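Enquirer: What the sequence shown shows, in the numbering used here, is residues 1401 to 1984, in sequence order.
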Amino acid sequence: MDSSVAPVTIDNAHRQNPTKLSSQKKPSKGGWKAAFFVISVEMAERFAFYGLAGNLITYLTNNLGEPVITAAKNVNTWVGVSAIFPLLGAFIADSYLGRFKTILASSVIYFLGMVLLSLSVSVIPMHSRKAVFFTALYVLAIGEGGHKPCVQTFAADQFDENNPEEKAAKSSFFNWWYLGIVTGASVAIVVVIYLQDNVSWAAGFGVLSGSLAVALAVFLIGIRKYRKQRPTGSPFTSVAQVLVAAAKKWRVSETHGGRGICYEDDRRGGNHVKGQTMSRNLVRTKQFRFLDKAMIIDDKDTLSKPRDPWRLCSLNQVEEVKLVLRLIPIWLGCLMFSAVITQLHTFFTKQGSTMLRSIGPNFQVPPAALQSLVGLTILIAVPIYDRVFVPIARKITGHPSGITMLQRIGTGLFISILNMVVAGLVETARVNTAAKHGLIDAPKAIVPMSVWWLLPQYVLTGLGDVFTIVGLQELFYDQMPEEMRSIGAAAYISVVGVGSFINTAVISVVQVISLRHGNEWLGDNLNRAKLNYFYWVLAGLSAFNLCAYIWISKGFVYKKVENNDERVGEGKASGMGGYLDVKV
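1) When the Cα atoms are used, what is the spatial distance from P1783 to L1595?
2) At which residues does the beta strand (DSSP E) containing V1521 begin and terminate?
3) Can you tell me whether S1953 is buried or exposed, with buried defined as 16 or more other CB within 10 angstroms of its CB?
4) Between M1755 and V1851, is the Cβ-Cβ spacing less than 9 Å?
5) For F1559, which three-state DSSP category applies?
6) Please identify the residue among L1860, Y1877, W1650, A1453 whose C-alpha is closest to the C-alpha of V1774.
7) How should K1836 be labelled, buried or exposed, when 16 other C-beta atoms within 10 angstroms of its C-beta is the threshold for buried?
8) Bridge partners for N1681 per DSSP, in chain order?
9) Could you check what DSSP says for Q1879 in three-state terms: helix, strand or coil?
10) What's the gap between the Cα of M1880 and the Cα of E1720?
11) Just the Cα atoms here: how many angstroms apart are I1439 and F1619?
12) Skipping 5 residues on each side, what residues in its chain have a beta carbon closer than 8 Å to that of D1924?
13) DSSP three-state call for P1800: helix, strand or coil?
14) Mark C1713 as exposed unless 16 or more other C-beta atoms lie within 10 angstroms of its C-beta, in which case mark it buried.
15) Relative to the C-alpha of T1477, which candidate in F1500, E1442, A1739, V1718 has its C-alpha closest?
16) Between which two residues does the alpha helix (DSSP H) containing M1443 stretch?
17) Quick test of the definition: if touching needs 3 or more C-beta pairs under 8 Å, does the stretch 1883-1898 touch the stretch 1478-1489?
18) What residue range is occupied by the uninterrupted beta strand (DSSP E) comprising D1865?
19) By the 10 Å Cβ neighbour count, where 16 or more other Cβ atoms means buried, how is T1749 classified, buried or exposed?
20) Within the stretch 1707-1786, note down every full alpha helix (DSSP H) run reaching 4 residues or more, in order along the chain.
21) Do the stretch 1924-1944 and the stretch 1814-1830 make contact, defined as three or more Cβ pairs closer than 8 Å?
22) Is it buried or exposed for H1527, if we count other Cβ within 10 angstroms and need 16 for buried?
23) Using DSSP's beta-bridge definition, name the partner residues of V1847.
24) Rounded to whole angstroms, what is the Cα-Cα separation between F1554 and A1434?
25) Could you give the first and the last residue of the continuous alpha helix (DSSP H) run that contains F1814?
26) Report the CB separation of G1862 from T1777 in whole angstroms; it is logged as a contact under 8 Å.
27) Please identify the residue among S1900, G1812, A1823 whose C-alpha is closest to the C-alpha of L1872.
28) If you count every other CB in all the chains shown that lies within 10 Å of the CB of F1958, and 16 or more means buried, which is it?
29) By the DSSP assignment, the alpha helix (DSSP H) with P1944 in it spans what residues?
30) Between the Cα of E1874 and the Cα atoms of L1682, Q1552, V1724, T1833, which residue gives the shortest distance?
31) What are the boundary residues of the alpha helix (DSSP H) that L1616 is part of?
32) Are three or more beta carbon pairs between the stretch 1582-1597 and the stretch 1488-1499 nearer than 8 Å?
33) Would DSSP call Q1911 helix, strand or coil?
34) Report the residue from K1960, R1787, D1494 whose alpha carbon sits nearest the alpha carbon of E1883.
35) Give the straight-line distance between the Cα atoms of A1505 and G1498, rounded to the nearest whole angstrom.
36) Quick check: the Cα distance between S1801 and F1789, rounded to an integer number of angstroms?
Laid out in structure tokens, this is it:
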């Protein structure tokens, strides 16, 4: 065989018990002390993103004069593009630059985009303002593309999975990571949106620019503390090699045409870079067995030296492709969840703008500031989930995390259905109140109904995030091949992007059908519109989506790795098992 794929001899003690050696000496890099600096830059990025996105529809309708539907579509499109670009950013990080350099470059781009945005609402002439504003928005989207998929993965890389103490710390990392970024988002929604509504848009965006500058400085201060994973080349090459090799041997089996031997060369381990997680050997699974043909050694492979990687692949390569394929249906099953939470930045805000928002005689709650209720819900719910729910559920199910990752995601999908049902009921009450007081044809009038009636739908949005968004983060980090973890982060982020596009498509379809029947559901006058019907349509689509998700999850097989001679299931569960049945 070619020397490039030959097994590497390593110390026997290390091979037999890698965790023992990795825990003997406390590492000088990584751990929470390094993750803190990465969390800081992410908190600032979330502060900037939500300080912009949370009130964007207000600027588009009030300052740029766009109709509500056009503004909602523009917000959805920008959010969608911002969530799709991370797929490209992740590819660049994993293949060429590495995560650290990608985060650094994207942070600079993000900062410059925010500075341009600040200029567009202040010193740019009015006739050019709209063009410069949208240019700045999509410069920010490019910055998001490099930042989003890498920063969380880079922070998680600071914990060595071969060190028992650090592995235990990583188990709760995703909860506390999400708690940290929600703090940044919530502060932005309260402070920045108040500045935008009561001081000036330039002041609000200026604060966002300053926070990004400070975060970039903090990130650079921790440069000597980081563990930096090297780029491994294009991860898609290995995937393509498995697919091509399996296609070339579609007639070959282990007993007919093959030699009854499977290529397992890279399963012996390899050189371990100090401070980084050792690559682990995957257990052979029975799903997607047509791909197994890629690792069958036939007569042509026996005569071929060196090995042709486009004809013969290792077991690890094949199983890594299976990991990716298993995640695709889960990804599809979460798109409607994202279509639902997109209402947070659009119609929820417009609803609030028509209701009583007074606190005392002189203070009006900015309608977009209600989004802070989502962050507050998450701030309360995450510690309760981590410290109360998980221990109780662990005693019942025996699962280390209380419930499986797929069960956690599925719970959030169910909550999103309740969210739309409740939002529709509240909107019905708001419209009835407007009719009772003769305000149906007064779209700018304030309906005498307290804005706090919207509290349940904001709380349900936060609870859905605690279950589904955090669950997706963990699933796409844990179940992706190690060299594709930035791609995994981008994949879960892209759920939000594609969900935004789906929401735009649903809006367009609803508009066409409702106008055809002479009763526009989503007009500028919310008092005459049928926004409640739109919410219930989303609830129905989400219910259908949940049924499909449960069916998909029943067949999901978690990643399994070999630990010496013992096979260990990464998730210690196979699918949702009828949604609540945990299979250990």
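Just so it is clear, CB atoms sit at the ideal spot from N, CA and C, and this is done for glycine as well.
In this text, all values refer to a predicted model and were calculated from it rather than measured experimentally.
Expert: According to the structure data:
1) In the sequence shown, the residue the question calls residue 1783 occupies position 383. In the sequence shown, the residue the question calls residue 1595 occupies position 195. Between P1783 and L1595, the alpha-carbon positions lie close to 30 Å from each other.
2) By 1-based counting over the sequence shown, the position of residue 1521 is 121. Annotation: V1521 is outside any beta strand (DSSP E) and is labelled neither H nor E by DSSP.
3) Start at 1 with the first residue of the sequence shown, and residue 1953 comes out as number 553. That one is buried.
4) The residue given as residue 1755 occupies position 355 in the sequence shown. The residue given as residue 1851 occupies position 451 in the sequence shown. Yes, they are a contact pair.
5) Here residue 1559 refers to the residue found at position 159 of the sequence shown. The answer is coil: DSSP assigns F1559 none of H, G, I, E or B.
6) For the purposes of this step, residue 1774 is identified with residue 374 of the sequence shown, where counting begins at 1. The shortest Cα separation from V1774 among L1860, Y1877, W1650, A1453 belongs to L1860.
7) Your numbering for residue 1836 matches position 436 in the sequence shown. The residue in question, K1836, is exposed, as its Cβ has fewer than 16 Cβ neighbours within 10 Å.
8) Indexing the sequence shown from 1 puts residue 1681 at position 281. In DSSP, N1681 forms a bridge with E1962.
9) Counting from 1 along the sequence shown, the entry for residue 1879 is found at position 479. DSSP, reduced to helix, strand and coil, places Q1879 outside both helices and strands of the structure shown, so it counts as coil.
10) In the sequence shown, the residue the question calls residue 1880 occupies position 480. In the sequence shown, the residue the question calls residue 1720 occupies position 320. Those two C-alpha atoms are separated by around 8 Å.
11) Walking along the sequence shown from the start, residue 1439 turns up at place 39. Walking along the sequence shown from the start, residue 1619 turns up at place 219. F1619 has its alpha-carbon roughly 9 Å from the corresponding atom of I1439.
12) Locating residue 1924 in the sequence shown gives position 524, counting from the first residue. The residues are P1467, V1468, I1469, P1843.
13) Stepping through the sequence shown from its first residue, residue 1800 is reached at position 400. Note: P1800 maps to coil in three-state DSSP.
14) For this step, residue 1713 is matched to residue 313 along the sequence shown. Counting Cβ neighbours within 10 Å, C1713 comes out buried, since at least 16 surround it.
15) Here the question's residue 1477 lines up with position 77 in the sequence shown. It is A1739.
16) Looking up residue 1443 in the sequence shown gives position 43. Looking at the DSSP string, the run of the alpha helix (DSSP H) that includes M1443 is 1432-1453.
17) yes
18) Here residue 1865 refers to the residue found at position 465 when the sequence shown is read from its first residue. No residue range can be given for D1865, since it is assigned to no beta strand (DSSP E) and is classified by DSSP as neither H nor E.
19) Here residue 1749 corresponds to residue number 349 of the sequence shown, with the count starting at 1. With 16 or more other Cβ atoms inside 10 Å of its own Cβ, T1749 counts as buried.
20) Whole alpha helix (DSSP H) segments, 4+ residues: 1715-1733, 1735-1741, 1747-1753, 1772-1784.
21) Output reads yes: the stretch 1814-1830 touches the stretch 1924-1944.
22) Your numbering for residue 1527 matches position 127 in the sequence shown. By the neighbour-count rule (16 or more Cβ atoms within 10 Å), H1527 is not buried but exposed.
23) Within the sequence shown, residue 1847 is the residue found at index 447, counting from 1. DSSP, once it has assigned bridges, lists M1755 as partnering V1847.
24) If you number the sequence shown from 1, residue 1554 lands on position 154. If you number the sequence shown from 1, residue 1434 lands on position 34. Between F1554 and A1434, the C-alpha separation is close to 10 Å.
25) By one-based count along the sequence shown, residue 1814 stands at place 414. F1814 -> alpha helix (DSSP H) spans 1805-1836.
26) Position 462 of the sequence shown holds residue 1862. Position 377 of the sequence shown holds residue 1777. Confirmed, about 3 Å.
27) For this step, residue 1872 is matched to residue 472 along the sequence shown. Minimum Cα distance to L1872 is reached at G1812.
28) Looking up residue 1958 in the sequence shown gives position 558. The sequence shown places Tyr at residue 1958, rather than the Phe named in the question. It counts as buried.
29) The residue given as residue 1944 occupies position 544 in the sequence shown. According to the sequence as given, residue 1944 is Phe; it is not Pro. It spans 1931-1954 - the alpha helix (DSSP H) in which F1944 sits, taken as one unbroken run.
30) Start at 1 with the first residue of the sequence shown, and residue 1874 comes out as number 474. For the residues L1682, Q1552, V1724, T1833, the minimum Cα distance to E1874 belongs to Q1552.
31) By 1-based counting over the sequence shown, the position of residue 1616 is 216. Element bounds for L1616: 1601-1621.
32) no
33) Residue mapping note: residue 1911 aligns to position 511 of the sequence shown, counting from 1. Q1911: helix per DSSP, three-state reduction.
34) Taking the sequence shown and counting its residues from 1, one reaches residue 1883 at position 483. If we check each option's Cα against that of E1883, D1494 comes out closest.
35) Taking the sequence shown and counting its residues from 1, the one referred to as residue 1505 is at position 105. Taking the sequence shown and counting its residues from 1, the one referred to as residue 1498 is at position 98. A1505 and G1498: Cα-Cα distance of roughly 11 Å.
36) Residue numbering aside, residue 1801 sits at position 401 when the sequence shown is read from its first letter. Residue numbering aside, residue 1789 sits at position 389 when the sequence shown is read from its first letter. If you take the alpha carbons of S1801 and F1789, they lie about 10 Å apart.
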